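Each residue of the sequence shown is one higher than the last, beginning at 58 in the working numbering. No residue lacks a Cβ here, since even glycine has one placed at the ideal position from N, Cα and C. Note that the structure is predicted; figures quoted are calculated from it, not measured.
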Amino acid sequence: MITDRDIAVRGVAENCTPQNTSVREIMSEHVCYCFDDQDIEDAAQIMADNQVRRLPVLNRDKRLVGVIALADISLCEDETGQ
């Protein structure tokens with residue numbers, strides 16, 4: 058997975074050019090994720106433990122079905138009053 062932060066921190070900061078740099082060279086090696094049937098609290102804990110603001114959401118076949126962001130969790134907490 059490659060993020061905007063990867064591009065900024067590993068790509069731009071190291072003067073990599075898009076023409077001569079592969080995604081593999083600057084992408085994140087360890088990708089944290091959650092499953093679509095997990096509780097929101099689990100996703101929030103994974104995000105906190107790994108200090109990430111977005112988390113890929115996989116089904117149990119490990120296929121990407123979405124991305125959850127910290128802002129999504131905040132909206133959910135606002136709606137439930139917690």
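{"Check": "What separation, rounded to the nearest whole angstrom, lies between the Cα atoms of residue 92 and residue 69?", "Outcome": "32 Å"}
{"Check": "Grab the span of the alpha helix (DSSP H) containing residue 105 for me, first residue to last.", "Outcome": "97-107"}
{"Check": "Which residue or residues does DSSP assign as beta-bridge partners of residue 114?", "Outcome": "91, 123"}
{"Check": "In chain order, what residues of the same chain lie with their CB nearer than 8 Å to the CB of residue 133, ignoring the 5 residues before and after it?", "Outcome": "97"}
{"Check": "Which class does residue 70 belong to by DSSP, given the choice of helix, strand or coil?", "Outcome": "coil"}
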